[in-house]
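For what it's worth, this note's numbering labels the leading residue of the sequence shown as 11, then goes sequentially. Where is the CB? At the ideal position from N, CA and C, for every residue including glycine. Input: a single structure, listed below in structure tokens.
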Amino acid sequence: MIECPILIVGGGPAGLNLALNLAWWETPCLLVNDKTDTPNHPQGNSHNARTMEHYRRLGIANDIRHVGLPPDHCGDAIFVTRINSHEIGRIKLPTNRERLAPDFPELEITPEPTHRASQMYVEAILKKHAASQGIIDLRFGWKLSEFKENADHVIAVIENVASGELETINCTQMVACDGANSSVRKALGINYEGKSGEEVDFMMGQMLSVYFHAPELYKIMKTDAPWQFHTINPDGRTSIVGLNGKSDFLAWAKIPPGMGPENIDPKSVIYAAVGQELEVEIISAKPWTAGLSLVAERYGNKKVLMAGDAVHLFTPTGGFGMNTSVDDVTNLAWKLSALYHGWGGPKLIESYEQERRPIAKRNLAQSYALAEIKSQIRVPKGIEDEGPEGNRVRKELGSRFMTELAEEYKCIGIQLGSQYIGSPLIENDGSEPPLDDPYVFSPSACPGCRSPHVWMEDGSALFDHFGKWFTLLCFDDNTAVSKIEIAASKRNVPLKVLTAPKNIKDIYRTELVLIRPDQYVAWRGDGNSLHPEKLLKKVIGH
């Protein structure tokens, strides 16, 4: 029998990020994944600012910024009748390089703006880094065979898919990151609730995802090559994303009602979008369901928890699904690590669902709303006609695209504005948090909000100076600092005291700020009415 603190079931973005974060917080784990390698079919294409902030903390952001769309490749999303024909609208978006330029506005609120790269490329990097961590027992090619949850531990049997070899794992905690068809979720008798793939139109219902190689595609285009283009014509609607800026692409197309994916030639989908035949190699084609907005009734039990697609299913509009998963497991990892190291309290596990399930519901609602807007646009008569009437139709439709769909690419409030107001781990100071707006992010040091980002004089980010565990941010000499240090020492809570420049005090609006391992503000105040033992007890889940 193998003794291991944490067993992770599933090696996708959620599972690999959970393992990397556990390793960051010095907690051993064992991860099983039934496939022998990471996926070779692309899906999510945007790693948002909050996800990139997590990768910065883990030290892998630069590696990830070296894959995906080339730095200077156009970042725009455009709308065309067909790729070889009329451009009818363009949403201007920055390139990957422009996002890192000193004058890029988003750098005022985050040190790590969004990066365009297929999840397929990034998962390979995550696996490579996980394999380099001696504290992670990485078992690709193994699957969970059975498990039994007990009061204080879980006994699980894992199986080598190729050989049939079995091993028994005794773990303190098991976390299922095993996807939409999670066997663990089903074994626990937990269902999804919400909306599920109503057959409406594009981005609602049954879709086909096509990964293809077409080295001549950009030469056929009659417009600047974008990151993403949407085609709309009497043959249907298709979205295509450039993966490497050269020859590899991912297309999404609606499967006509009454047809199955086996009845569709993927090349015909590409030809209809392009407007002519060209050299195309279909690498893979897979059906999937759009218009999902589902969240699990609960996130697990005391000893068996779930994360990622096992607890929420998104439609791709907005790119929230994988990014929500990464934020989920970061929240969970520091809490599991605190328990492993002996100073975390029993409320930590309960707080995972309490803090993250409302965020999933919030993000799902926004993603679904964007999908509804996209699905309600119909192909107008005369869209491909030449002459004044055709020009009028295309101009009107292009204007609609650029107004109604632009916000899909600008949901910075969703990315950075998640709030844990009311969490049992947060000490409320009576202040009002900013409005939770999907399109607007207002930095705030209100307890329960993500700590505001600030650039330091040496070019580093304030985040870079936070401790690995809790950080006490102070701006002046304050007698309460030593009191908090003593309280933390009594409970063996790792605490870094960080004295920051006084100009930062104007942003945090207080004398002292206690920041959690996941960069969220747990408490702030001047220390005058502080009960340090009571505060520490609350923020670590006792």
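I want to know whether the region 29-40 touches the region 358-378 - three or more CB-CB distances under 8 Å.
no
Cutoff 8 Å; reference G189; Cβ partners in own chain excluding five residues on either side
Stepping through the sequence shown from its first residue, residue 189 is reached at position 179. Correct list, in chain order: G20, G22, G318, D319, A320.
Rounded straight-line distance, which links the Cα of W533 to that of I496:
For the purposes of this step, residue 496 is identified with residue 486 of the sequence shown, where counting begins at 1. For the purposes of this step, residue 533 is identified with residue 523 of the sequence shown, where counting begins at 1. Roughly 17 Å between the two C-alpha positions.
Taking C-beta to C-beta, are G427 and D446 nearer than 7 Å?
Position 417 of the sequence shown, counted from the first residue, corresponds to residue 427. Position 436 of the sequence shown, counted from the first residue, corresponds to residue 446. In contact: G427 and D446 (Cβ atoms closer than 7 Å).
What residues match up with W465 in a beta bridge as DSSP calls it?
Residue 465 sits at position 455 when you count from the first residue of the sequence shown. Answer by DSSP bridge pairing, in chain order: A471.
Pull up the distance between the alpha-carbon of L545 and that of D338, whole angstroms please.
Taking the sequence shown and counting its residues from 1, one reaches residue 545 at position 535. Taking the sequence shown and counting its residues from 1, one reaches residue 338 at position 328. Answer to the nearest angstrom: the Cα atoms are 24 Å apart.
Can you give the Cα-Cα distance for G310 and Q143, rounded to whole angstroms?
Here residue 310 is taken as the residue at index 300 of the sequence shown, counted from 1. Here residue 143 is taken as the residue at index 133 of the sequence shown, counted from 1. So the alpha carbons of these two residues sit roughly 27 Å apart.
Coil, strand or helix - M332 by DSSP
In the sequence shown, counting from the first residue as 1, residue 332 sits at position 322. Three-state result, M332: helix.
Is DSSP giving K561 helix, strand or coil here?
Not covered by the structure: residue 561. The range shown for the chain is 11 to 552.
Taking the continuous alpha helix (DSSP H) assigned at L546, which residues delimit it?
Position 536 of the sequence shown, counting from 1, holds the residue named residue 546. Segment 542-549, the alpha helix (DSSP H) holding L546.
Tell whether a beta-carbon distance below 7 Å holds between Y131 and G78.
Your numbering for residue 131 matches position 121 in the sequence shown. Your numbering for residue 78 matches position 68 in the sequence shown. Yes, they are a contact pair.
How would you call W479, buried or exposed, if buried means at least 16 neighbouring beta carbons within 10 angstroms?
By 1-based counting over the sequence shown, the position of residue 479 is 469. The residue in question, W479, is buried, as its Cβ has 16 or more Cβ neighbours within 10 Å.
Distance, Cα to Cα, A263 vs I292?
One-based indexing of the sequence shown puts residue 263 at position 253. One-based indexing of the sequence shown puts residue 292 at position 282. Their Cα atoms are separated by approximately 14 Å.
For N160 and Q129, what's the separation of their Cα atoms in angstroms?
Here residue 160 is taken as the residue at index 150 of the sequence shown, counted from 1. Here residue 129 is taken as the residue at index 119 of the sequence shown, counted from 1. Approximately 36 Å between the Cα atoms of the pair.
Which of the three DSSP states is assigned to H240 in this structure?
Residue 240 sits at position 230 when you count from the first residue of the sequence shown. Strand, per DSSP.
In angstroms with no decimal places, state the Cα-to-Cα distance between K506 and K357.
Within the sequence shown, residue 506 is the residue found at index 496, counting from 1. Within the sequence shown, residue 357 is the residue found at index 347, counting from 1. Answer to the nearest angstrom: the Cα atoms are 23 Å apart.
Three-way DSSP call (helix, strand, coil) for N373 in this model
Position 363 of the sequence shown, counted from the first residue, corresponds to residue 373. If DSSP states are grouped into helix, strand and coil, N373 belongs with the helices.
Assuming L540 contacts I514 (C-beta within less than 8 Å), just tell me the rounded distance between them.
Here residue 540 refers to the residue found at position 530 of the sequence shown. Here residue 514 refers to the residue found at position 504 of the sequence shown. At roughly 21 Å, the Cβ-Cβ gap does not stay under 8 Å, so L540 and I514 are not in contact.
Out of G355, H96, S433, L483, point me to the one whose CA is closest to K232's CA.
Within the sequence shown, numbered from 1, the residue matching residue 232 stands at position 222. For K232, the nearest C-alpha among the options comes from H96.
Cβ neighbours of C2 in the same chain (closer than 7 Å, five flanking residues each side left out)
Missing from the structure shown is residue 2; the chain here goes from 11 to 552 and no further.
Proximity below 7 Å, CB of F89 to CB of H322
Residue numbering aside, residue 89 sits at position 79 when the sequence shown is read from its first letter. Residue numbering aside, residue 322 sits at position 312 when the sequence shown is read from its first letter. Result no, Cβ atoms of F89 and H322 do not sit closer than 7 Å.
Give me the DSSP bridge partner(s) of T248.
Position 238 of the sequence shown holds residue 248. DSSP lists T241, A263 as the beta-bridge partner residues of T248.
Start and end of the alpha helix (DSSP H) containing M62?
By one-based count along the sequence shown, residue 62 stands at place 52. Element bounds for M62: 59-68.
Note the first and the last residue of the continuous alpha helix (DSSP H) segment covering M130.
One-based indexing of the sequence shown puts residue 130 at position 120. Unbroken alpha helix (DSSP H) run through M130: 129-141.
Cα-Cα separation between L176 and E363, rounded to whole angstroms
The residue labelled residue 176 in the question sits at position 166 within the sequence shown. The residue labelled residue 363 in the question sits at position 353 within the sequence shown. Rounded to whole angstroms, L176 to E363 spans 32 Å at the Cα level.
For Q425, the first and last residue of its enclosing alpha helix (DSSP H):
Against the sequence shown, residue 425 aligns to sequence position 415. Where Q425 is concerned, the enclosing alpha helix (DSSP H) stretches over 422-426.
For the structure I just gave you, are there three or more beta carbon pairs, one from the region 243-253 and one from the region 296-308, closer than 8 Å?
no
If you draw a straight line from the C-alpha of N502 to the C-alpha of P542, how long is it?
In the sequence shown, counting from the first residue as 1, residue 502 sits at position 492. In the sequence shown, counting from the first residue as 1, residue 542 sits at position 532. Roughly 14 Å between the two C-alpha positions.
For the region 255-262 and the region 102-110, state whether three or more C-beta atom pairs, one from each stretch, are separated by less than 8 Å.
No, they do not touch.
Using CA coordinates, which residue listed in T520, P511, P504, V284 is at the minimum distance from P527?
Numbered from 1 along the sequence shown, position 517 holds the residue referred to as residue 527. That would be P504, whose Cα lies nearest to the Cα of P527.
Where does Y530 sit, in a helix, a strand or coil, going by DSSP?
Working through the sequence shown from its first residue, we reach residue 530 at position 520. Looking at Y530 - three-state DSSP - the assignment turns out to be strand.
P234 to L136 span [Cα, whole Å]:
Reading the sequence shown from its first residue, position 224 is the one you call residue 234. Reading the sequence shown from its first residue, position 126 is the one you call residue 136. The sequence shown places Asp at residue 234, not Pro. Their Cα atoms are separated by approximately 33 Å.
If contact is defined by three or more beta carbon pairs under 8 Å, each pair taking one atom from either stretch, is the region 408-427 in contact with the region 56-74?
yes
Presumed contact (8 Å Cβ cut-off) between A140 and L26, rounded CB distance:
Here residue 140 corresponds to residue number 130 of the sequence shown, with the count starting at 1. Here residue 26 corresponds to residue number 16 of the sequence shown, with the count starting at 1. The pair is a contact, with the Cβ atoms about 5 Å apart (cut-off 8 Å).
Nearest candidate by alpha-carbon position, reference A300, set N94, L218, M466:
Mapped onto the sequence shown, residue 300 falls at position 290. For A300, the closest C-alpha among the options N94, L218, M466 is that of L218.
Below 8 Å on the Cβ atoms is my contact criterion, and I expect Y378 with P462 to pass it. Report the Cβ-Cβ distance as a whole number of Å.
The residue you call residue 378 lines up with position 368 of the sequence shown. The residue you call residue 462 lines up with position 452 of the sequence shown. Contact flag wrong, Cβ pair sits at about 30 Å.
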